[in-house]
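In our numbering, the protein residues as written are 1205 to 1398. Right, one structure below, let's go through it.
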């Protein structure tokens, strides 16, 4: 067994046994022990990373959603919304503050559903799909909001700090949402097949 082959349960058990009986100068045993330790560390990092992606997204969406109940945030998003072909019509139906509150409720619901997704995959599917829709919408503002491209820096590909850099981060949040949706679909399928 090479140091790179410690992947199956039997390999891990074999590596654990080898680590328990390390013989000084036995290079193969030392490599197996190192591979086992690396495998265990990678599994722990994976677990922490998965937790961080899910609940980091919950924190971001929840915090932003809670801010939508303030006049400050309602004013802050008005330029993005009013210039959007997708949402520009909204201010003809409700005022700026009312729309912000409704958006806040939706975002808090998405955060809750994403958070519950690790326990209830069907809720995770709904929450992740909502997050995908939310971040796809905010990324569309990159193309509709004046001032995204920084003219003083020579134009595209230079983007402004606000709103350009503020919006571009949503590429990562969208990718996390897609990843969480895939995991929720897999978890739901596994539960269905049990």
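Note that beta-carbon positions come from the ideal geometry of N, C-alpha and C, so glycine has one too. Please read all numbers here as calculations on a predicted model, not as lab measurements.
Would you kindly check if the distance between the Cβ of residue j and the Cβ of residue i is under 7 angstroms?
| i | j | result |
| --- | --- | --- |
| residue 1349 | residue 1291 | no |
| residue 1265 | residue 1315 | yes |
| residue 1380 | residue 1263 | no |
| residue 1371 | residue 1346 | yes |
| residue 1329 | residue 1236 | no |
| residue 1308 | residue 1360 | no |
For residue i, which three-state DSSP category applies?
| i | result |
| --- | --- |
| residue 1353 | strand |
Would the beta-carbon of residue i be found less than 6 angstroms away from any heavy atom of the ligand GDP?
| i | result |
| --- | --- |
| residue 1383 | Of ligands this structure carries none, so the ligand GDP is not represented either. |
Whole-angstrom Cβ separation of residue i and residue j, contact assumed at under 8 angstroms?
| i | j | result |
| --- | --- | --- |
| residue 1318 | residue 1395 | With a Cβ gap of about 18 angstroms, residue 1318 and residue 1395 do not count as contacting. |
| residue 1295 | residue 1286 | 6 angstroms |
| residue 1270 | residue 1312 | 7 angstroms |
Closer than 7 angstroms by C-beta to residue i: which residues in its own chain qualify, once you throw out the five before and the five after it? Chain order, please.
| i | result |
| --- | --- |
| residue 1281 | 1304 |
| residue 1288 | 1344, 1345, 1348 |
| residue 1351 | 1364, 1367 |
| residue 1332 | 1318, 1321, 1381, 1384, 1385, 1388 |
| residue 1392 | 1325, 1326, 1329 |
| residue 1336 | 1378, 1381, 1382, 1385 |
Does the CB of residue i have a neighbour CB from chain B at under 7 angstroms?
| i | result |
| --- | --- |
| residue 1268 | No chain B is present in this structure, which holds just one protein chain. |
Got a sec? Which residues, its chain only, sit under 6 angstroms from residue i by beta carbon, not counting five neighbours each side?
| i | result |
| --- | --- |
| residue 1278 | 1300, 1301, 1304 |
| residue 1362 | 1354 |
| residue 1334 | 1314 |
Buried or exposed, going by whether 16 or more other CB atoms sit within 10 Å of the CB of residue i?
| i | result |
| --- | --- |
| residue 1325 | buried |
| residue 1462 | Past the edges of the chain, shown from 1205 to 1398, lies residue 1462, and the structure says nothing about it. |
| residue 1377 | buried |
| residue 1248 | exposed |
Looking only at its own chain, which residues have a Cβ that is under 8 angstroms from the Cβ of residue i, when we skip the five neighbours before and after it?
| i | result |
| --- | --- |
| residue 1374 | 1339, 1342, 1343 |
| residue 1298 | 1306 |
| residue 1369 | 1363 |
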